[in-house]
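Working notes for the structure below.
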Amino acid sequence: MSAIVSPVREPLITGSKTYHQITEDICAPTEKTPNLSWVIAFGAAVTLMAFGVFCILWTIWFGIGTWNLNRTIGWGWDITNFVWWIGIGHAGTLISAILLIFRQKWRTGVNRAAEAMTIFAVLCAALFPGIHVGRIWLVFYFFPVPNTRGPLWVNFNSPLLWDLFAISTYFTVSLLFWYMGLIPDFATIRDRASGLRKKVYSLLSFGWVGSAKHWQRFESMALILAGLATPLVLSVHTIVSFDFATSVIPGWHTTIFPPYFVAGAIFSGFAMVLTLMIITRKVLGLEDYITISHIESMNKVILVTGSMVGVAYITELFIAWYSGYVYEQFAFLNRAFGVYWWAYFAMMACNVLSPQIFWIKKMRRNIFVTFLMSIFVNIGMWFERFVIIATTLARDYLPSSWSYYTPTWVEIGIFIGTIGIFFTLYLIFTRVAPVVAIAEVKSVLKYGGDQYIDVNRKHYEEVIEHEVKKQSKQAVEA
Amino acid sequence: MAIMENKQILFGLYDDEQVLMDAVKEARSEHLDILDVYTPFPVHGLDPILGLAESRLHIVGFLFGCVGALTAFLGMTWIFTDEWPMIIGGKPYWAVPAFIPITFEITVLFASIGMVVVFYAVNGLSPRTHTEVLHPRITDDKFAIAFDTSHATEDEFNQLKSFFERSGAEVHIKE
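Note that the protein sequences, when read in sequence, are chains B and Y.
Okay, so the first sequence: first residue is 0 according to numbering that gives the first Met the number 0, each after it adds one.
Okay, so the second sequence: first residue is 0 according to numbering that gives the first Met the number 0, each after it adds one.
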């Protein structure tokens, strides 16, 4: 009864699950009272978030002067954090859209949580453009809306405005894609619940009943949304890189930025997915759905994108030298050996050297190493953005205006606060929604369930054995 | 294909999608009028057997995308050439390459939102919809074929019942 499965493929779902068992396993965390470790984690996340909100209010009340930015270094931790979070927000849509188009079935184990992570990361990112302008009440003018100051419009030629459109579109489309996938799973929870829970999940599930025609439209839409989201996800970080690349600052105006930023975004996004998934699968007991082979697949992506980023760093250095343009050459010498040399070396070590450990299969399949690496990559990618932004600005054309920058407690507090916001939202998500896409996992059970793979392997071995016997018999007869 | 009120529905529950597909095939060959088939996840290969026409949502997406592209491009063109012409960075008023990124983003935005809204509308799904599932296990691990038996004669009813028994389903009736 099983579908055709390659006998050499590793199972995607272990533990000989039945459809009902999948429902039970994945719905369980939403139906139980949270345990103590969840409560502690949630308390910690909310505390960080509260401190972040306090620092944001402090900034709004007293102004941007509470940050250590100066005339030379106009972008510091704010835009670093913004680009970092946006980068992290790239993995979810990459997993759910690009891997859907490439028919990578392993994505079904991780796409739901990765998409949730994307949405929360983009929310954290979107905070920074709002507050870094200093006068948040003027953010209204970001948007091309008719206003009372005569027909005063935004500058449609500016990459900063393109960025606003890219990020709001990305957020909206990711949210729609995510919620659409959640509807059948909310219906599953609804039909297991009673009382108030049933009412809430009835609202959330939009009255989904699983009709064949609905499923057909659902799949058709998922594929087209994936097709739209694929260029979208690539466009978002391309446009973020335009914020720098369309300027005339040496070290920023390089044509390599778009692909290099996109690779870096995928790199950091997968690292954050791994950080979260390694904890989530353990705490919620989902090891049968997010297996070592899922982790290995993601580690391969980390290795590829990490190496791409490494090539980009070296290309930048080479082009700076090859251009023969002294300001460009200085910018890169300064990046590596200037005042912020430590940030450059942290970036190189974390992003380029450390992922090379994943050439070894044993390391790719080691949970502890993977977890440690995912943290390294997150740190390294934060430093990459810091290096690009602060180091470049610190040494501009006029030596008289050279400067140095260290953040104040307010800037650090806002960054920590966004981590708090991110984890608060993620922890809530793990309690109210299925962390693994139930319907999607069921649809790959006969393709990737270990019991079906074993059956196929046995059948395959029997066929081979039969063929060998037949051939040797023919040989003897001849 | 929504389930109306005051209807009697006869449905059979199957345990496996392959058994379901065989049963649907048989029902079609016996010319039984299937009301709907309900599954916990999308079953590939079911649509042609059931005789469902291909979804036209992609056309909707394309049309909304066109509207988005035109809105963004013509909007920016109007604002920067007619409403309030402004010279920025020595570029011409009508700086086409600079309009491309926003045009792309709005195209994707319109196509996605339009398609999702139409999806919910044609399926009759909304937070206010409270359609009862025929059986709580349909969203879990059971596959159902449903027949509308509100106006069925006794003979027709028995024919359907015997079809379910032959194909290995667990028969239920929902009033």
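Every residue, glycine too, gets a C-beta built ideally from N, C-alpha and C.
Within 7 angstroms of the CB of Pro126 (chain Y), the CB atoms of chain B belong to Leu202 and Phe205, in sequence order along the chain.
With respect to the C-alpha of Gly50 (chain Y), the residue from Y:Ala68, Y:His57 and Y:His30 having the closest C-alpha is Y:His30. Look at Gly11 (chain Y) here: in three-state DSSP terms it is strand.
For Phe139 (chain B), the nearest beta carbon of chain Y is not closer than 8 angstroms to its own beta carbon.
Residue pairing by DSSP places Asp35 (chain Y) opposite Y:Ala145 in a beta bridge. Secondary-structure assignment with DSSP links Ser210 (chain B) through a beta bridge to Y:Tyr37. One Cα belongs to Ala319 (chain B), the other to Ala348 (chain B), and the distance between them is close to 21 angstroms. A direct Cα-to-Cα measurement between Asp190 (chain B) and Ser204 (chain B) gives close to 10 angstroms. Contact annotation for Glu218 (chain B) against chain Y: Pro41 [CB-CB distance below 7 angstroms, chain order]. For Glu315 (chain B), the enclosing alpha helix (DSSP H) has its first and last residue at Ile291 to Ser322. Per DSSP, Glu169 (chain Y) is not a residue of any alpha helix (DSSP H); the beta strand (DSSP E) it occupies stretches across Glu169 to Lys173.
Within the stretch 105-116 of chain B, not one residue has a Cβ closer than 7 angstroms to any Cβ of chain Y. Taking the Cβ atoms as the reference, Ile301 (chain B) lies roughly 6 angstroms from Phe357 (chain B), within the contact range of under 8 angstroms. Distance from Ser173 (chain B) to Thr92 (chain B) at the Cβ level is roughly 6 angstroms; contact confirmed, criterion being Cβ atoms closer than 8 angstroms.
Rounded to whole angstroms, the gap between the alpha carbons of Pro433 (chain B) and Lys104 (chain B) is 18 angstroms. Using a Cβ-Cβ cut-off of 7 angstroms, His213 (chain B) is close to Asn122 of chain Y, given in chain order.
Close to chain Y, meaning a Cβ-Cβ distance shorter than 7 angstroms, are the following residues of the stretch 18-52 of chain B: Tyr18, His19 and Thr22. Spatial neighbours of Phe243 (chain B) in its own chain (CB-CB distance under 7 angstroms, excluding positions within 5 residues in sequence) are listed in chain order as Trp251, Phe256 and Ile387. Under a 10 Å Cβ-count criterion, Asn110 (chain B) is classified as buried, with 16 or more other Cβ atoms of the shown protein chains found around its own Cβ.
Within the same chain, Cβ atoms closer than 7 angstroms to the Cβ of Ile248 (chain B) are found at Thr391, the five residues on either side in sequence being excluded.
Taking a C-beta distance under 8 angstroms as the contact criterion, Leu34 (chain Y) and Asp154 (chain Y) do not qualify as a contact pair.
The Cβ atoms of Val435 (chain B) and Ile25 (chain B) sit closer than 8 angstroms to each other.
Think of a sphere of 8 angstroms around the beta carbon of Ala97 (chain Y): the chain B residues whose beta carbon falls inside it are Phe155 and Asn156, in chain order. Judged by their CB atoms, Arg27 (chain Y) and Ile8 (chain Y) are not nearer to each other than the 8 angstroms cut-off. Of Y:Leu56, Y:Glu164, Y:Ala52 and Y:Ile105, the smallest CA-CA separation from Gly64 (chain Y) is found for Y:Ile105. With respect to the C-alpha of Gly284 (chain B), the residue from B:Ala477, B:Ala27 and B:Tyr321 having the closest C-alpha is B:Ala27. By the Cβ neighbour-count rule, Thr274 (chain B) is buried, with 16 or more other Cβ atoms within 10 Å of its own. Here the alpha carbons of Phe385 (chain B) and Phe118 (chain Y) stand approximately 43 angstroms from one another. Non-local beta-carbon contacts of Asn67 (chain B) in its own chain, meaning distances under 8 angstroms to residues more than five positions away in sequence, involve Gly75, Tyr404, Thr405, Pro406, Thr407 and Glu410 in chain order.
A distance below 6 angstroms between beta-carbons, with the five flanking residues on each side excluded, links Val235 (chain B) to the following residues of its chain, in chain order: Ala165 and Tyr169. At a C-beta separation below 7 angstroms, Ala438 (chain B) has these neighbours in chain Y: Pro39 and Phe40. Contact annotation: Met346 (chain B) and Phe317 (chain B) have beta-carbon atoms that are not nearer than 8 angstroms. Using a C-beta cut-off of 8 angstroms, the stretch 361-377 of chain B makes no contact with the stretch 325-343 of chain B, since fewer than three inter-stretch Cβ pairs fall below that distance.
With a threshold of 16 other beta carbon atoms within 10 Å, Arg106 (chain B) meets it and is buried. Look at Gly86 (chain B) here: in three-state DSSP terms it is helix. Around the beta carbon of Ala112 (chain B), a 10 Å sphere encloses 16 or more other beta carbons of the protein chains shown; the residue is thus reported as buried.
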